[in-house]
Amino acid sequence: MPDMKVNEKHVTVGKQFHDDPRMTMRNVNVFYGEKQAIHDVSIDIGKNEVMAMIGPSGCGKSTFLRSLNRMNDTVEGCRVEGEICMDGESLYNTKLDVVELRARVGMVFQKPNPFPKSIYENVAYGAKIHGLADSRIDLDEIVENSLNKAGLWKEVKDRLHQPGTGLSGGQQQRLCIARAIAVTPEVILMDEPCSALDPIATARIEELIKELSENFTIAIVTHSMQQAARVSDRTAYFHLGQLIEVNPTEQVFTMPEHELTEGYITGRFG
Amino acid sequence: MNNSAENLRRIQKSLKKRYFVERCFLWSGRAAITLGLLAVLVLFVDITSKGYGAFRSTEILLDIHYDADALGIDNLHDEKQLAFADWDVLLKNALREQFPDASGRKERKQLYGLVSNGAGFDLKERLIANPKLLNTSEKVWIIADDDIDTYYKSWLSGDPYAERMSEKQIQWIEVLDEQGAIALKFSKNLFTRGDSREPEQAGIWGAVMGSLFTLAITFCLSFPIGVAAAIYLEEFAPRNRLTDFIEVNINNLAAVPSIIFGLLGLAIFINFFHVPRSAPLVGGLVLTLMTLPTIIITSRAAIKSVPPSIREAALGMGASRHQVVMHHVLPLSMPGMLTGAIIGMAQALGETAPLLMIGMVAFIVDIPQGFTDPATVLPVQIFLWADSPERAFVEKTSAAIMVLLSFLIVMNMTAVWIRKRLERRW
Amino acid sequence: MQASTLFIIIIGLSIFGYFMGQGRALALAKPLGGIRKLHSLPSYYAAQAALFCALPAIVLMGLWLIFEQPIIDSLVMSRVEAGGLIESKADYNLALNRVHNIAAGVLSREGQQSVVLAAADNLNAFRTNARLALTLLALSLSVAGLVLGLRRIRPDFRARASVEWIMSGLLMACALLAIFTTLGILLSVVFESIHFFRSVPISEFIFGTSWSPQTAIRADQVGSSGSFGAVPLFTGTLLISAVAMFVAVPVGLMSAIYLAEYASRRTRTLVKPTLEILAGIPTVVYGFFAALTVAPFIRNLGESLGLDVSSESALAAGSVMGVMIIPFISSLADDVITAVPQSMRDGSLALGATKSETIRKVVVPAALPGIVGGVLLALSRAIGETMIVVMAAGMAANLTANPLDTVTTVTVQIVTLLTGDQEFDSAKTLAAFALGLMLFVVTLCLNIVALRVVKKYREQYE
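Given below as structure tokens:
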């Protein structure tokens, strides 16, 4: 049984940095009030890379993901320290606007959360608030493109004006992805996007993630190791708020460097 | 991405405007809150500033000689003599003695107008309480007329209101003030008397007693009935059309305008059942029907908050459903029910409109002694006084409102206290 | 015997029955080997005896007291009617009143018709007899119930089931009271309204534009035929309610949004109860405030702006009513806004929407059904609000949409028509019931629609 205690002076093993990073995180600490949820995490996410974050529940991977587009701002008492940069610009610097940041770093949530509006309105929402379309035709085009990219267009093109909440779970999640794509982000964060879905819908989303990785940088938190293995280029293993290991996915699942990682992927705890 | 950079430029361009809208929105929210809080503040300050004066009334120190001859009395135990005696003579004599300069009918009348019309009866009570006073003299603080009261208070605050005062009266008051023979005293009348046409004689005690009798009936009927109905609906009612219909009725009755309940009381209780008009009995019945929905709804919430595990445990011991309710559910939900009942009573205490319909709006001087005596209640008294033209009644009305509000505050605080102290969190 | 004395005696008998029953049950149990040999606990046998003793007698008493007066009246008046004195309903009531007053000794017997005097004597005789009959019947019923209850005490008798059955019935009766109240409201307003619509056609009432309910005492007086066109009342009510909603909806909604979405927990716990004070203040206090503080203030303000403002303007009454309704709207809106799942907000914020965009375009639309329901409930309350308008709005039935003018409302007219002593059956008082019917129907529709909408909305997110 590996030692599960938090190591005060911990060093992340593996290849945590990237040559062509889109996002760089250095010495990130996240606190909820007095409680520290993330301890001193440093990692890069490369351009057009799919980064998977795995780890036992409560290890802070979702918290970490949410600090990448400052969604933690909405949580009362949450504090982020350290440096998180995107294309060399610091996110927690007052200069970078949070609206702009979130338009550039999209997010897909654990449970599909379409707005109680029509499918069309759901996808058009981001474009409308940001003023990305000059005309109705532009907007139609954005909606169609995004739904196409999310692989949903064929299924919903005849019922664009029906409520988005009427779709199946998998379709709803793809709708949320389409909604995120519509504002042309550079990075998409996905917080366990398949945990509420059945296996077939999950497979469809995983396929979609692979397709999207051609155009987007993706960070995905997942509790399914198989999923991480199937979709990601690199995998980061979190344990009790610490980043234990980052390595190319194949390596993590075949010969992990750290004993905690090994313990987790061989199912000794989780 | 193809047009990512273009989009980014657009977003950056839109930011200024959007943040402006954001700030406007936030500030309109703050403005709304401020407006609401301001309304509370203005209301309380306005009422208090108008009403605090009524707790003290102007009294004049006079040297009263209880002259048996002037009164025409020889036996203090003879009711008839006492009733027919002209008590005001004592006051008139004392006033003339104090201000011999008043000459002529007009000035005399103004002089006698310094003290309240009903002040003679206070002297009668004094004399009956202490018969030895007959044919002796004493210094007594006599309650002043309402116009004098208004003038003296405004004069003290440096902004005299002399509309209804004569030159002479103003002089006399200045003289009295120099002698220290005019002063503001705690207004006992306000808390011990019933209504009166004379503002300085009018009090809220009659209305308070009326409210008390009315609320007693309301509580005795609406609490048991409301709790019983809530128990039935939560614990025994089958899920069927009738139950649904009862629920729709309760929810709707909770939102029916209160004046409609007054119409019901007038048509059914008074005109059909011949319950005496203007009495606390009929008022209590009407308010019972009005508060029942509130009590049923809060009691149901209290019953719902008792976890099913307790019922299951008792049922598992072989208790009948009635025993479960009586031994477990009812005691555990009692604090919640009491809270609801107090809130319902507070609502009933402040209610006016339905009581106007059933004749509780009459001018009643006597303090009601029972459930079928004609009575009025505190809010209706406020309504009546607010309608009176005398300036002094504005002060009285505000004071009555302050009393009513303090009753309500105490009731609501008790409800909060019960909820905090006795209610169990599951 | 007085009804109250009788009631106390019956209750006393019932308590006596309880202890008798308990004693009997214990005595029965003793030779059998303790109370465990009985089907139910002794207290159930006792309660059964007590209920048997009290319930039938009290039900009889209640029914008797309800129907005694009308029956006696009709018996007494049948002779008077036969005497040919009665020509109309009003005559009937007058005669009935006279008979009552003579019987009670309030009115002197001198100079009255002999039929009336005979009727008064009859009335007193009937009353005495009826009371005697009631006393005897109730007491015998009570004693019979007691005996029956005691005789039913046997070891194998299922007293608990029996008592619980009766208790369930009583509980249900309490719940049914809600239906009877609604029924009572309907009966009281519908019957009198039908009377009213016999003398004033319903079309004139609903579509007529002139309201002056003074019916003259003499036929040759000016304006002797009162006109009962209620349109000015409806528009007046709507005008004042509109002013109230104009104040309450934005303020209430924005405070709810601010408290739910922006305010810190501390501010929330401080501000929310303070705002709710407004809901607990009696309406008569608002009326006083409106009439004495707000109305003069608005009139002076208007004067300084060169506007002609009535001293009983719809604006004054309406705005104070709006203040009263603020907490009503804000707490309902707060409930529905906090019920919108956080994931909706996250979804919108994650797309880069600002907070206000999220609220305006996602949260409020999602909560809209609930908000609309709350606003409808508030509107129903504004329409039915009485004291503020009685004290601060006028009596003049003006047909106007100018909030600076004085208007009157349905509730004001109901109060004016019914306060003071009036002949109950005059068109004037009946008109009040017709207005009451209108008020009830309108608020009922609003309430039902609103409660439906709110309920549906709650189910959506539960």
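Residue numbers (the UniProt record's numbering), protein chains in the order written: chain B, 1 to 270; chain G, 1 to 426; chain E, 1 to 462.
C-beta atoms are modelled at their ideal positions from N, C-alpha and C, and glycine is treated no differently.
Less than 7 Å divides the Cβ of residue 326/E from the Cβ of residue 278/E.
Non-local C-beta neighbours of residue 54/G in its own chain, meaning closer than 7 Å and more than five positions away in sequence, comprise 187, 190, 395, 396, 398 and 399, ordered along the chain. The shortest C-alpha to C-alpha distance from residue 32/G to any of 252/E, 234/E, 181/E and 206/E is the one to 252/E.
When Cβ-Cβ separations below 7 Å define contact, residue 23/G makes no contact with chain B. At least one CB of chain B lies nearer than 7 Å to the CB of residue 7/G. Under the Cβ distance rule, residue 352/E counts among the residues neighbouring chain B, one pair being separated by less than 7 Å. Using a C-beta cut-off of 8 Å, the segment 374-388 of chain G makes contact with the segment 351-364 of chain G, since at least three inter-stretch Cβ pairs fall below that distance. Here DSSP, grouped into helix, strand and coil, assigns residue 55/G to helix. Taking residue 90/B as the centre and dropping the five residues before and after it, the same chain places the C-beta of 83, 84 and 96 closer than 8 Å to its C-beta, in chain order. When the beta-carbon positions are compared, residue 241/E and residue 383/E come within less than 7 Å of each other. Here the alpha carbons of residue 110/B and residue 340/E stand approximately 17 Å from one another. A Cβ-Cβ distance of about 18 Å is found for the pair residue 350/G and residue 285/G, leaving them out of contact under the 8 Å criterion. Using a Cβ distance threshold of 7 Å, residue 134/G and residue 68/G count as a contacting pair. By the Cβ rule, the segment 287-297 of chain G counts as touching the segment 212-227 of chain G, because three or more pairs are nearer than 8 Å. Contiguous alpha helix (DSSP H) elements confined to the segment 140-197 of chain B occur at 153-156 and 169-181, taking only those with 4 or more residues. Comparing alpha carbon positions, the residue from 48/B, 60/B and 19/B closest to residue 241/B is 60/B.
In the three-state DSSP reduction, residue 46/B falls in the strand class (E or B). Counting along the chain, the unbroken alpha helix (DSSP H) around residue 65/B starts and ends at 61-67. Residue 101/G sits in coil when the DSSP states are folded into three classes, being neither helix nor strand.
With a cut-off of 8 Å on Cβ pairs, the segment 327-339 of chain E is not in contact with the segment 154-161 of chain B, counting fewer than three such pairs. Among the residues facing chain G, residue 103/B is included, as its CB has a counterpart in that chain under 7 Å away. At least one C-beta of chain B is nearer than 7 Å to the C-beta of residue 347/E. Judged by DSSP in its simplified three-state form, residue 274/G adopts coil rather than helix or strand. Residue 166/G is not a Cβ neighbour of residue 160/G, given a cutoff of 7 Å. Taking a contact to require three or more Cβ pairs closer than 8 Å, the segment 134-152 of chain B and the segment 371-379 of chain E do not qualify as touching.
The C-beta of residue 326/E comes closer than 7 Å to at least one C-beta of chain G. A residue is called buried once 16 or more other Cβ atoms fall within 10 Å of its Cβ, and residue 255/B, having fewer, is exposed. As computed with DSSP, residue 35/B is found in a beta bridge with 32/B. About 16 Å separates the Cβ atoms of residue 175/E and residue 302/G, ruling out a contact at the 8 Å cut-off. Straight across, the Cα-Cα distance linking residue 116/E with residue 98/E is about 8 Å. Legend: CB atoms of the segment 224-243 of chain G lying less than 9 Å from CB atoms of chain E belong to residues 224, 225, 226, 227, 228, 229, 230, 231, 232, 233, 235, 236, 237, 242 and 243.
With a beta-carbon spacing of about 6 Å, residue 375/E and residue 249/E fall inside the 8 Å limit used to define contacts. In the DSSP annotation of this structure, the continuous segment of the beta strand (DSSP E) that includes residue 137/G starts and ends at 137-143. With the rule of 3 Cβ pairs closer than 8 Å, the segment 257-265 of chain G does not count as touching the segment 321-335 of chain G. At least one C-beta of chain B is nearer than 7 Å to the C-beta of residue 14/G.
Between residue 356/E and residue 200/G, the gap from beta carbon to beta carbon reaches 7 Å or more.
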